[in-house]
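Numbering (UniProt numbering), first residue to last: 1 to 101.
See below:
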């Protein structure tokens, strides 16, 4: 369900999320969540990362996307059946490596 564990781990503070891939069955996940609900110490451990500083998630993605779209007006249009596959196979291009005509 959702992104892979490694996707979340690459952008999230350590021990800050619970991922379905960490459990073999839905029952195992449910049992873990019930255990967290009953144990304040274990539950609060998921928020310990807040003591280490702040997480800046503002990467101005919209601004960069707009900039690239305007710079690439002369490029041929393209579309992708699976944007996730395109993105994860390092096919994303920056404005610096797009040759303008």
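Beta carbons: idealized from backbone N, C-alpha and C, even for Gly.
What residue from the options has the CA that sits closest to residue i's CA?
i, options, result
"residue 16", "79, 50, 75", "50"
"residue 46", "12, 79, 85", "12"
Among the residues of its own chain, which have a CB less than 6 Å from the CB of residue i, if the five just before and after it don't count?
i, result
"residue 14", "none"
"residue 5", "19, 21"
Give every residue of the same chain whose Cβ lies closer than 8 Å to the Cβ of residue i, excluding the five residues on either side of it in the sequence, and list them in chain order.
i, result
"residue 43", "36, 37"
"residue 81", "none"
"residue 23", "29, 32"
Quick one: what does DSSP say residue i is sitting in, helix, strand or coil?
i, result
"residue 11", "helix"
"residue 31", "helix"
"residue 84", "helix"
"residue 17", "coil"
Here's the rule: buried if 16 or more other CB atoms are within 10 angstroms of the residue's CB, otherwise exposed. What is residue i?
i, result
"residue 7", "exposed"
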